Structure formats: C-alpha cells, structure tokens
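J.: The structure follows.
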Amino acid sequence: MRKSRQLEVAVPEDTYLRTGRFNKDAMLVLIQEALKAGAGLGFPLTRMVAHAEAAVDDWKSSNEWVEYEMRLNSVLSNYDDPVICTFDANLLTAPHAIDILRTHPMVIIGGVLVENSFFTRPQDFIREVQSRTGPTRSYRA
Numbered sequence: 229m230r231k232s233r234q235l236e237v238a239v240p241e242d243t244y245l246r247t248g249r250f251n252k253d254a255m256l257v258l259i260q261e262a263l264k265a266g267a268g269l270g271f272p273l274t275r276m277v278a279h280a281e282a283a284v285d286d287w288k289s290s291n292e293w294v295e296y297e298m299r300l301n302s303v304l305s306n307y308d309d310p311v312i313c314t315f316d317a318n319l320l321t322a323p324h325a326i327d328i329l330r331t332h333p334m335v336i337i338g339g340v341l342v343e344n345s346f347f348t349r350p351q352d353f354i355r356e357v358q359s360r361t362g363p364t365r366s367y368r369a
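Numbering (the numbering used here), first residue to last: 229 to 369.
Printed below as a string of structure tokens:
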C-alpha cells in the first residue's frame with residue numbers, strides 16, 4: 229500500500245513542525261498539496277486524519293491555532309476529500325478546546341458524525357476573538 233502511495237504516514241517534522249515550529253500558512257499549503265497529489269495519482273478521494281497534538285508544545289497561543297482551524301475550513305470547502313482533525317483533549321485547556329470545537333461545522337462525538345451545534349461562522353468568531361485580544365490581532369477567514 230505504501231509503495232503505491234495508497235497509504236502515507238507523515239511525522240510531525242514533515243507536517244506541523246516542518247519549518248521548525250508550527251506555521252499555519254505553511255500547513256494550509258501542505259494540506260492543499262496533499263489533496264491535489266492524491267487526485268494527481270488518480271485516487272478519487274484522499275482521506276486525511278491529522279493528529280494536531282504533535283504541535284501542542286509549539287502553539288504560541290490558542291488564537292494562532294484557532295485561526296488555522298478557521299482558515300482550514302475555507303481551504304477544505306474546495307475539495308470533496310474527507311479530512312478529520314483529531315485532538316487529545318488531555319493536552320488542551322478547556323477554553324482552547326471550546327474555541328477549536330467552535331471552528332468545525334461537523335464533529336465526531338462518541339464515534340458518531342454530527343452537525344456541530346457549537347460551530348460559529350468564521351466572520352462572527354473572528355470578531356469575538358479579536359474583542360478578547362484587542363484590535364492588533366488580525367484573522368483572515
């Protein structure tokens with residue numbers, strides 16, 4: 229499977245930390261490249277599961293990660309490929325976990341995919357996060 233590239237496993241140093249630290253812009257580019265590569269190899273879909281806890285030690289702030297998650301939704305809307313973001317809740321603060329949860333329109337809870345009632349439209353959530361951190365923080369949805 230690996231030889232045919234039907235299965236690829238990437239370590240954090242090749243993904244979240246490939247520039248030495250978490251870089252949301254680089255990760256968004258990397259995800260798009262991976263999704264395009266699957267199509268280029270003739271696969272009808274690329275199924276991606278991302279284990280975000282690999283970058284926990286390098287998260288400068290929860291706002292940096294929340295911005296990445298919000299922007300990721302915009303990127304993924306251009307593809308039909310299923311992408312699952314996973315988090316070890318033991319490594320997150322409660323406010324950080326809630327903010328991340330609010331960035332996703334669908335979630336898997338107890339093994340069931342459901343519409344996320346906590347989801348907040350990026351435009352609204354950006355304003356809320358900015359009101360917490362002041363006007364110097366700029367998010368792009």
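We put the CB at the ideal spot given by N, CA and C, even for glycine.
As the structure is a prediction and not an experimental result, all values here were calculated from the model.
Using the Cα positions of H324 and R233, report the straight-line distance between them to the nearest angstrom.
T.: For H324 and R233, the distance between alpha carbons rounds to 35 Å.
J.: Under three-state DSSP, which class holds E356?
T.: DSSP places E356 in helix when its eight states are reduced to three.
J.: Taking all protein chains shown into account, do 16 or more other C-beta atoms lie within 10 angstroms of the C-beta of E241, making it buried, or fewer, making it exposed?
T.: Result: exposed.
J.: Pair every Cβ in the region 255-264 with every Cβ in the region 297-306, then say whether three or more of these pairs are closer than 8 Å.
T.: They touch, by the three-pair rule.
J.: Would you kindly work out how many angstroms separate the C-alpha atoms of E343 and N291, rounded to a whole number?
T.: Rounded to whole angstroms, E343 to N291 spans 23 Å at the Cα level.
J.: Could you spell out where the alpha helix (DSSP H) holding L263 opens and where it closes?
T.: Its alpha helix (DSSP H) spans residues K252 to G268.
J.: Flag this pair as yes or no: are the beta carbons of D327 and V294 separated by less than 7 Å?
T.: Yes, the Cβ-Cβ distance between D327 and V294 is below 7 Å.
J.: Assign A238 to one of three DSSP states: helix, strand, or coil.
T.: In this structure, A238 counts as coil in the three-state DSSP scheme.
J.: Quick test of your reading: D309 and T331, contact by CB under 8 Å. State the CB separation rounded to the nearest angstrom.
T.: Rounded, the Cβ-Cβ distance is 18 Å, inconsistent with contact.
J.: With R336 and I354 assumed to form a contact (beta carbons below 8 Å), what rounded beta-carbon distance in angstroms separates them?
T.: Per the sequence shown, the amino acid found at residue 336 is Ile instead of Arg. Between I354 and I336 the Cβ distance is about 25 Å, and since that is not below 8 Å, they are no contact.
J.: What would DSSP say about H332, mapped onto helix, strand or coil?
T.: Three-state DSSP puts H332 in coil, outside helix and strand.
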